[in-house]
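For the protein sequence lines, the chains are A and B, in the order given. For any residue, its number in this note's numbering is found by taking its place in the first sequence, counting from 1, and adding 33. For any residue, its number in this note's numbering is found by taking its place in the second sequence, counting from 1, and adding 503.
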Amino acid sequence: DQQVKQNSPSLSVQEGRISILNCDYTNSMFDYFLWYKKYPAEGPTFLISISSIKDKNEDGRFTVFLNKSAKHLSLHIVPSQPGDSAVYFCAGLSGAGSYQLTFGKGTKLSVIP
Amino acid sequence: NAGVMQNPRHLVRRRGQEARLRCSPMKGHSHVYWYRQLPEEGLKFMVYLQKENIIDESGMPKERFSAEFPKEGPSILRIQQVVRGDSAAYFCASSPTMGGPGANVLTFGAGSRLTVL
Chain A
34 DQQVKQNSPS
44 LSVQEGRISI
54 LNCDYTNSMF
64 DYFLWYKKYP
74 AEGPTFLISI
84 SSIKDKNEDG
94 RFTVFLNKSA
104 KHLSLHIVPS
114 QPGDSAVYFC
124 AGLSGAGSYQ
134 LTFGKGTKLS
144 VIP
Chain B
504 NAGVMQNPRH
514 LVRRRGQEAR
524 LRCSPMKGHS
534 HVYWYRQLPE
544 EGLKFMVYLQ
554 KENIIDESGM
564 PKERFSAEFP
574 KEGPSILRIQ
584 QVVRGDSAAY
594 FCASSPTMGG
604 PGANVLTFGA
614 GSRLTVL
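1) At a Cβ cut of 9 Å, what residues of the stretch 589-611 of chain B count as close to chain A, listed as they run along the chain?
2) For a test of the three-state rule: what should DSSP assign to residue 525 of chain B, helix, strand or coil?
3) Please name the residues in the stretch 538-563 of chain B whose beta-carbon is closer than 9 Å to at least one beta-carbon of chain A, in chain order.
4) How far does the beta strand (DSSP E) with residue 569 of chain B in it reach, from first residue to last?
5) With distances taken from CA atoms, which of A:142, A:103, A:101 is nearest residue 119 of chain A?
6) Any idea what DSSP makes of residue 40 of chain A, helix, strand or coil?
7) For chain A, check one thing: does any of its Cβ atoms lie closer than 9 Å to the Cβ of residue 613 of chain B?
8) Below 9 Å between beta carbons: does that hold for residue 37 of chain A and residue 137 of chain A?
9) So which residues on chain A does residue 507 of chain B lean against when the C-beta distance must stay under 9 Å?
10) So, using beta-carbon positions, are residue 580 of chain B and residue 550 of chain B closer together than 9 Å?
11) May I ask which residues mark the beginning and end of the beta strand (DSSP E) holding residue 121 of chain A?
12) Using the Cα positions of residue 515 of chain B and residue 527 of chain B, report the straight-line distance between them to the nearest angstrom.
13) Which of the residues in the stretch 66-96 of chain A, read from start to end, lie with their CB under 8 Å from any CB of chain B?
14) Using DSSP's beta-bridge definition, name the partner residues of residue 83 of chain A.
15) Does the beta-carbon distance from residue 609 of chain B to residue 536 of chain B come in below 9 Å?
16) Give the secondary structure of residue 587 of chain B by DSSP, where H, G and I count as helix, E and B as strand, and everything else as coil.
17) Can you give me the start and stop residues for the beta strand (DSSP E) that residue 547 of chain B sits inside?
18) In three-state DSSP terms, what is residue 60 of chain A?
19) If residue 615 of chain B and residue 593 of chain B are in contact, beta carbons under 8 Å, what's the gap, nearest whole angstrom?
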């Protein structure tokens, strides 16, 4: 029972262009969504989050959009840089006092110089 | 300012042996979480501990797996009588108070990769 789905295992983007990573969820109880970035042989690193009461959150080159009616969120990276090449995990969190992150399987982003 | 430290980074065990994975949280963090990532899967929650207490072990397999976070020393995830299906990356995370969004977002270690022959 996959509550968080990242249907694209991989994505290749030219340097300087926009990267769009998608995530769908089924659990309506999620209050927050988080994106983590993971380099090989390292742990996931928190990138950006969004509350379910918002539809957009921006932090520098990273913007997350949330469409609650479609149960869909996306992470936009613009402009993409080679250092952004990593696996990106989408995760849902139920409640501010919750600690159980429910992760998707991840999308491997390759930014081509 | 060291992050979450996990060791060993790689561990090879034969079926039936025991595996012990250790995790030292970030300085100032007293809440520890273990997650497991099976091949081609996302990370899945296993257990949440504070010093000397297991808060939530709802994600732990019922048998062979145990976790502790003693008053002194690192948190330990112990897997007894390992089987091939235990082969995975085990990630530890920590937070200053109970995890959540914002300031309490989980900080992950680099993981311990267990291979069972």
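In this text, a Cβ means the ideal position worked out from N, Cα and C, and glycines have one as well. If you're wondering where the values come from, they're calculated on a predicted model, not measured in any experiment.
Taking the coordinates as given:
1) 594, 595, 596, 598, 601, 602, 603, 604, 605, 607, 608, 609, 610, 611
2) strand
3) 538, 540, 543, 544, 545, 546, 547, 548, 551, 558, 559, 561, 562
4) 568-571
5) A:142
6) coil
7) Yes - at least one Cβ of chain A is within 9 Å of the one on residue 613 of chain B.
8) Yes, Cβ-Cβ distance for residue 37 of chain A and residue 137 of chain A is below 9 Å.
9) Near residue 507 of chain B (Cβ distances below 9 Å), the residues of chain A are 76.
10) yes
11) Residue 121 of chain A -> beta strand (DSSP E) spans 119-126.
12) Computed Cα separation, rounded: 21 Å.
13) 67, 69, 74, 75, 76, 77, 78, 79, 82, 84
14) A:66
15) Yes, the Cβ-Cβ distance between residue 609 of chain B and residue 536 of chain B is below 9 Å.
16) helix
17) 546-553
18) coil
19) 5 Å
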